[in-house]
Structures are given as C-alpha cells and as structure tokens.
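A short write-up of the structure that comes next.
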Amino acid sequence: MGTGAVGNSYEDQCRRSLAEEQAKSLAETNNWAHVDRERVHQDWDVLYREITACLDGGSLPGDEQIQELTRRHFDIVSRFYTPSREAYVGMSLFYAEDEAMRAFHDSYHPELAGFLGAAIRVFAEQGSGFAPSAGAEASA
113 MGTGAVGNSY EDQCRRSLAE EQAKSLAETN NWAHVDRERV HQDWDVLYRE ITACLDGGSL
173 PGDEQIQELT RRHFDIVSRF YTPSREAYVG MSLFYAEDEA MRAFHDSYHP ELAGFLGAAI
233 RVFAEQGSGF APSAGAEASA
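Quick note, this note's numbering runs 112 ahead of the 1-based positions in the sequence shown.
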C-alpha cells in the first residue's frame, strides 16, 4: 500500500471519498461553522505530542496504545463530520501527499505523517464508528 500520488484503485476510491464527503459536509454546515477550531487545534496538538512520544519510544502503528490515540484522532475528525472508512484512509493519504499537511505533521516529528497514516489504516481496518460509504456499498 503506497502513499504516492499515483496509487491503486482502493487508494483512488479513498481520495474520492474524502473529497466528496468533505465537500458535502462543508456545504451542509456552512463550512463547518459548528466546529470550535481553536479547541480542535489544541486537542490535535496535545494528541500529536503524545503520538510523537510513543513514536520516539518505539511504538508501532498497530500497537494498542497507538490505536487508542488514533481513536482520539478519529473522534476529533468527527467533530467536523463522521467519515466513512474510505474517507478516513483518504485523510491519511492527504496527510502524506499534501505538502503543507505533511510539513505540519512532520513539524512534530519527521516521521509523524507516515506513522499516523499507517495507524489510520490499521484503525480503518479494525475500528468502528464510521459513516456508511456509498462507494463501499456499491462494490459490496
């Protein structure tokens, strides 16, 4: 599972799901007017510092503690809207592929964007609480 700009069809589906779900949510919520963005950024800052400490301590993306932290990440994301599994994986791809997002995450740790992306993929495979995905239903 690569994270390059040219990916496999599942990754392409994830990128589309992210774009479509975010666009729909933005339109329905007046650009996420309901979100306390200052609080979100504070919570992400705390979370990313915790993940960085675990990363420095040798944790792996699938470790229970990292998956608990990834659940917190998902919960913060869900303040904007509840993504489907595919959109959440799409977010991990966006973190890796978008230069500004990668730089932001890697400002905490040079490996954070990739590590968080891998943790999100594990969470998407094993976690719960996702919105249904029209693309997943159509291909099921």
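Beta carbons are placed, not taken as given, at the ideal position from N, Cα and C, and that holds for glycine.
Task: Collapsed DSSP secondary structure at A243 in the structure displayed - done: Walking along the sequence shown from the start, residue 243 turns up at place 131. A243 falls in the strand class under three-state DSSP.
Task: Sequence ranges, alpha helix (DSSP H) only - wholly within the stretch 146 to 174, length at least 4 - done: Counting only runs that start and end inside the stretch 146 to 174, the alpha helix (DSSP H) elements of at least 4 residues fall at 149 to 168.
- [ ] Indicate whether the contact test is met: 3 or more Cβ pairs, each with one atom in the stretch 137 to 151 and one in the stretch 199 to 210, closer than 8 Å.
- [x] Judged by Cβ distances under 8 Å, the stretch 137 to 151 makes no contact with the stretch 199 to 210, as fewer than three pairs qualify.
- [ ] Could you check the C-alpha separation between L228 and P173 for me, to the nearest Å?
- [x] Position 116 of the sequence shown, counted from the first residue, corresponds to residue 228. Position 61 of the sequence shown, counted from the first residue, corresponds to residue 173. Going by the C-alpha atoms only, they are around 7 Å apart.
- [ ] Classify S196 as helix, strand or coil using the three-state DSSP reduction.
- [x] Here the question's residue 196 lines up with position 84 in the sequence shown. Three-state result, S196: strand.
TODO: Would you decide whether Q177 is buried or exposed? Buried here means 16 or more other CB atoms lie within 10 Å of its CB.
DONE: Residue mapping note: residue 177 aligns to position 65 of the sequence shown, counting from 1. It counts as exposed.
TODO: Indicate the three-state DSSP secondary structure (helix, strand or coil) for I232 in the structure shown.
DONE: For this step, residue 232 is matched to residue 120 along the sequence shown. In this structure, I232 counts as helix in the three-state DSSP scheme.
Open item on the list: Check whether the stretch 152 to 171 and the stretch 224 to 239 touch, using three or more Cβ-Cβ pairs below 8 Å as the test.
Closed with: yes
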